[in-house]
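If you're matching positions, the sequence shown starts at -18 in our numbering and goes up one per residue.
Cβ coordinates follow ideal geometry from the N, Cα and C atoms, glycine included.
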Amino acid sequence: MTRTTLLALGALGLLLGSASAVAQQIERVEPPFWWVGMKHKPLQLMVHGERIGELSVRVRGPGASLRRSAPAPNPNYLFLDLDIAPSAKPGTVTIDFLRGSQAVLTHRYELRARAPGSAQRQGFSTADAVYLIVPDRFANGDASNDNMPGYGDPANRNEPGGRHGGDLAGMAAHLDYIAGMGFTQIWPTPLTENRQPAYSYHGYAATDLYRIDPRFGSNEDYRRFVEQARATGIGVIQDLVPNHIGSGHWWMADLPAPDWLNQHPVYTETNHRLTTSIDAHASKEDARLATDGWFVQTMPDLNQRNPQLATYLTQNAIWWIEYAGLSGLRVDTYPYSDKAFLARWSAAILAEYPRLNLVGETMTQQPALVAYWQRGQRNRDGYVSHMPSMMDFPLYGAMHQGLREPEGRGFSEGFGRLYEALAVDMLYAAPNDLMLFEGNHDTARIFSLLGEDPALNRMALTLVATLPRVPHFFYGSEIQMTSPTERDDGKVRADFPGGWNGDGVNAFTGQGLTEAQRGAQQHLRRLLNFRKTSAALQRGKLTQFAPDRGTYVYFRHQPGSQAQVMVVLNKSPAEVRLDLRRFAERLPQGAQGKDVISGDRIDLSREFVAPPRSSTVIDIGR
-18 MTRTTLLALG ALGLLLGSAS AVAQQIERVE PPFWWVGMKH KPLQLMVHGE
32 RIGELSVRVR GPGASLRRSA PAPNPNYLFL DLDIAPSAKP GTVTIDFLRG
82 SQAVLTHRYE LRARAPGSAQ RQGFSTADAV YLIVPDRFAN GDASNDNMPG
132 YGDPANRNEP GGRHGGDLAG MAAHLDYIAG MGFTQIWPTP LTENRQPAYS
182 YHGYAATDLY RIDPRFGSNE DYRRFVEQAR ATGIGVIQDL VPNHIGSGHW
232 WMADLPAPDW LNQHPVYTET NHRLTTSIDA HASKEDARLA TDGWFVQTMP
282 DLNQRNPQLA TYLTQNAIWW IEYAGLSGLR VDTYPYSDKA FLARWSAAIL
332 AEYPRLNLVG ETMTQQPALV AYWQRGQRNR DGYVSHMPSM MDFPLYGAMH
382 QGLREPEGRG FSEGFGRLYE ALAVDMLYAA PNDLMLFEGN HDTARIFSLL
432 GEDPALNRMA LTLVATLPRV PHFFYGSEIQ MTSPTERDDG KVRADFPGGW
482 NGDGVNAFTG QGLTEAQRGA QQHLRRLLNF RKTSAALQRG KLTQFAPDRG
532 TYVYFRHQPG SQAQVMVVLN KSPAEVRLDL RRFAERLPQG AQGKDVISGD
582 RIDLSREFVA PPRSSTVIDI GR
């Protein structure tokens, strides 16, 4: 080979190397920025770019240093662990990516200042009332984002399973209505990007965990919405899904590692055997399939046993809390994730925000399974959970079933179901911190389950608002929205009337509502606004009396305080005369009260007449 040829080949090599260096770029760095003064350490950065894992790293900037650079099995990823010193100031950290000693790429990473009091933010509590909204179906405040370039699933209100156009602007436009109803917290179903080809409106198949879906708005729009809500006295709870992602997630085209997902030789769905988490006799195979199977084919199952993924998910939750200013998280499909991960994940979040609240979804009618996951429970297998709250599906089930059943057939039917369901509160570490609801996006509408009976519907609303739990209500329940009694998600999550221009009925203003709808709305509005000032309903103990003659009576009260609330529910088609001597342990002699709904004064010295099919809430001792 001639010298000329060698020189030519050398020049070609340099040219190719130069071209490679020019072509190489950073596609993503996540989290996109962080804050100084955080307890979470070290900060893990996921860097994605073609063959980025082949490069070494240098970190420059006061208060920041590189603890570790860890290539992933996929060379297109690099994980960086950064130490952010307690003395670090807001500013920019320079990250150089080196080939040999030469920097071929540079990324400037922002460290921000935390909002004052961020670490001690108060989470939602029993003092709150939560309004659950499916954003796509609540109100369309910005028609320009209904359809976005590059996104499928076009808006079509005639398609029950399609997008309808609701967005952040729509929710923001009706904050006054939500606050006026007496709600103090909003829980929107997931708002992160769901770039799925179809059926994406619900938000539970995320395709980018750090981006709000542009059909709802931008990240900044979300942050602004939370600020606007806070200004009206409302906190925002974000719905997170650490168990799975959407099949359209950008990871799916380029997984960081083969074990990033729980993968199987053939498609394998979860068996939904959630009791395997507490079953001492469960087979390992059943337990494995419960947590490692995919939720559905379009929702790949994340493997939180991968330590880098576990850290990614933990940081993602903290990032949204800090960035948006949240008052809590609702955690979807909670028991489907790895148990050890869930304990570490929740502990890390509460270490950062000790007064924050988290609530996990456990769709089960078994109180023992709900109790297992709540903080403070002494589990026989030694498992330690850190979740302050769980969804109270057992009490929800007892409520809607008991309201449907006739009274007088047995101690465990009708109101007896509620009485006995509350009697097992001794199973829970903190029963009052559980979240009770009359329905949600995964259940049939309560009004329909109750045979479209306005009286029973008012009883359901009253129970949720007055029992010792964190109450949440599904948008539209206040106006008796209907659905099939068998699960039909698209129809359950129907559009809230008045949320779109041209709607003939407007529930925000009351235009076009029936008398029964207006009555239900007013009933809940007065209950929740009273609840804002009632320490007995917010924090009081429960004393319940066994159902009798189709009536159910209970009291909410605080030790050391004369203020208490008496609730009388009567399912009978006739009035029922109650001898108040039966309730003497709670009613002081000569007690007087005020009907919370009507405002009428009530004499509670001898007898109370419960009207037919009525829900009466009485404020006593003020």
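**Asked** Thinking C-alpha only, which one of Phe119, Arg48 and Gly44 is nearest Val473?
**Response** Phe119
Which two residues bound the contiguous beta strand (DSSP E) that contains Phe60?
Tyr58 to Ile65
- Item | Residue burial classification, Arg359 (beta-carbon count within 10 angstroms, cutoff 16) | exposed
Reference Leu331; option with closest CA among Gln346, Leu310, Trp231 and Lys320: Leu310
- Task: Counting only the same chain and skipping the five closest in sequence on each side, list residues whose C-beta sits under 7 Å from that of Asp235.
- Result: Asn55 and Asn57
- request: Whole angstroms is fine: what's the gap from Ser596's alpha carbon to His29's?
  value: 58 Å
| message | Tell me which residue opens and which closes the beta strand (DSSP E) that Thr73 is part of. | response | Gly72 to Arg80
Starting from Asp529, trace the beta strand (DSSP E) in both directions and tell me its first and last residue. Lys522 to Asp529
Just the C-alpha distance for Val445 and Asp373, rounded to the nearest angstrom, thanks. 11 Å
* To do: Can you have a look at Met462 and say buried or exposed, based on whether 16 or more other CB atoms are within 10 angstroms of its CB?
  => buried
### Task
Name the two residues that bound the continuous beta strand (DSSP E) containing Arg93.
Gln83 to Arg93
query: What number of angstroms, rounded off, separates the C-alpha of Pro97 from the C-alpha of Glu303?
result: 11 Å
Exercise for the section: Classify Arg439 as buried or exposed, calling it buried when 16 or more other Cβ atoms lie within 10 Å of its own Cβ. Expected result: buried
| message | Once DSSP output is grouped into helix, strand and coil, what is the label at Phe511? | response | helix
### Message
Could you compute how far the alpha carbon of Ala2 sits from the alpha carbon of Thr87?
### Response
Caution is warranted here: a pLDDT of 42 is assigned to Ala2, below 50, making its placement in the model unreliable, and the coordinate value is therefore given only provisionally. Straight-line Cα distance between these residues: approximately 12 Å.
Next on the checklist: With the cut-off set at 7 Å, would you say Leu113 and Asn421 are in Cβ contact?
Outcome noted: yes
Subject >> Nearest residue (CA-CA) to Gln209, options Thr165, Arg196 and Val222 >> reply: Thr165
Keeping to the same chain, check which residues put their C-beta closer than 8 Å to that of Leu415; ignore five residues upstream and five downstream. Val351, Gln355, Ser370, Met371, Met372, Asp373, Leu376, Tyr409, Arg450 and Val451
Check your understanding: To the nearest angstrom, how far is it from the Cα of His245 to the Cα of Glu266?
Key -> 13 Å
Contact check, Ala402 vs Ala425, beta carbons under 7 Å:
no
### Message
Is it buried or exposed, Lys22, if we count other Cβ atoms within 10 angstroms and call 16 or more buried?
### Response
exposed
message: By the three-class DSSP mapping on this structure, what secondary structure does Val577 have?
response: coil
| message | With a threshold of 7 Å on Cβ separation, who are the neighbours of Gly(-9) within its own chain once the five nearest residues in sequence on each side are excluded? | response | Low confidence applies here, because Gly(-9) scores a pLDDT of 40, under 50, leaving its location unreliable; read the following figure in that light. Once the five neighbours on either side are set aside, Gly(-9) has no close Cβ partner at all.
Q: Give the straight-line distance between the Cα atoms of Phe276 and Arg192, rounded to the nearest whole angstrom.
A: 22 Å
Next on the checklist: Does Ala263 come out as helix, strand or coil in the three-state DSSP assignment?
Outcome noted: coil
Pairwise C-alpha distance: Arg205 and Gly198 = 11 Å
Task: C-alpha distance - Pro540 paired with Ala517, whole-angstrom precision - done: 10 Å
Can you look up Val40 in the DSSP assignment and give me helix, strand or coil? strand
Item to check | Distance, Trp16 Cα to Gly306 Cα | outcome: 13 Å
Exercise for the section: Give the straight-line distance between the Cα atoms of Thr443 and Glu459, rounded to the nearest whole angstrom. Expected result: 11 Å
Can you list, in chain order, the residues of its chain with a C-beta nearer than 7 Å to that of Gln158? Leave out the 5 residues immediately preceding and following it.
Contrary to the premise, residue 158 reads as Tyr rather than Gln in this sequence. Only Phe489 meet the Cβ criterion.
Report task. Can you say whether Met607 is buried or exposed, counting buried as having 16 or more other CB atoms within 10 angstroms of its CB? Result -> With the chain represented from -18 up to 603, any question about residue 607 goes unanswered, as that position is not in the structure.
Along the chain, which unbroken stretches of the alpha helix (DSSP H) at least 4 residues long are found entirely within the segment 119 to 154? 149 to 154
With C-beta atoms as the reference, is Asn413 less than 7 Å away from Thr107? yes
- Task: Consult DSSP for Leu26 and reduce its assignment to one of helix, strand or coil.
- Result: strand
Boundaries (first-last residue) of the alpha helix (DSSP H) holding Ser327
Lys320 to Glu333
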